[in-house]
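Basically our numbering = 1-based index in the sequence shown + 6.
Contents: one structure, followed by commentary.
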Amino acid sequence: MTQFTFLGQTIPRLTLLVGSALLIEGIGFYLGTGMSSMTSLIPAFFGIPLIAMSIMATRQPERSHHWMHIAVVFGLLTFLGGGMAIKGFIDGDLTASTWAQLIMMVMGGVYTFACIRSFTFARKAREAAEA
7 MTQFTFLGQT IPRLTLLVGS ALLIEGIGFY LGTGMSSMTS LIPAFFGIPL
57 IAMSIMATRQ PERSHHWMHI AVVFGLLTFL GGGMAIKGFI DGDLTASTWA
107 QLIMMVMGGV YTFACIRSFT FARKAREAAE A
């Protein structure tokens, strides 16, 4: 069976990349913009579980699908949490926090989309193998 890739990356690898990007985003906005509130670290709080799920999926390939299903929940929550950026843009709030939320929304949305495509690919491959 061929393995699903998105932008040339397997889903566990993409999970690691997205989780790392969210971790860097959270720390970067916290340190780089003078945002002193702990809420500026929220992207990092979503990134850490994604990194953990990626590591677990790599170490336990027989349970990879379980870890990736948990990871997509964090991806969806990242997308939904980042959705607050829409209100910020509507209100004309172009502060760093609005941009951080937009980055979260885009990364979470693209990641969730990739995971859904991967799950669909796996289901179709499994059905074809059984036929």
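Positions of the beta carbon are idealized from the N, C-alpha and C atoms, including for glycine.
Quick caveat: nothing in here was measured; it's all calculated off a predicted structure.
Span of the alpha helix (DSSP H) holding residue i?
i    : result
T132 : According to the sequence as given, residue 132 is Arg; it is not Thr. Unbroken alpha helix (DSSP H) run through R132: 102-136.
T45  : Here T45 belongs to no alpha helix (DSSP H), and DSSP marks it neither H nor E.
G159 : Since the first residue shown for the chain is 7 and the last is 137, residue 159 is missing from the structure and cannot be characterised.
G89  : No alpha helix (DSSP H) contains G89, which DSSP labels as neither H nor E.
Can you tell me whether residue i is helix, strand or coil according to DSSP?
i   : result
F10 : coil
G98 : coil
Does the distance between the C-beta of residue i and the nearest non-hydrogen atom of the ligand SAH fall short of 8 Å?
i   : result
G32 : With respect to the ligand SAH, the structure shown offers nothing to examine, as it has no ligands at all.
On the DSSP bridge list, what partners appear for residue i?
i   : result
Q66 : In the DSSP output, where bridge partners are listed per residue, Q66 has none listed.
I think residue i touches residue j, with their Cβ atoms under 8 Å apart; what is that distance to the nearest whole Å?
i    : j    : result
T2   : G115 : No answer is possible for residue 2: it lies beyond the span of the chain, which begins at 7 and ends at 137.
G87  : I48  : 7 Å
L28  : A50  : 6 Å
A120 : L20  : 6 Å
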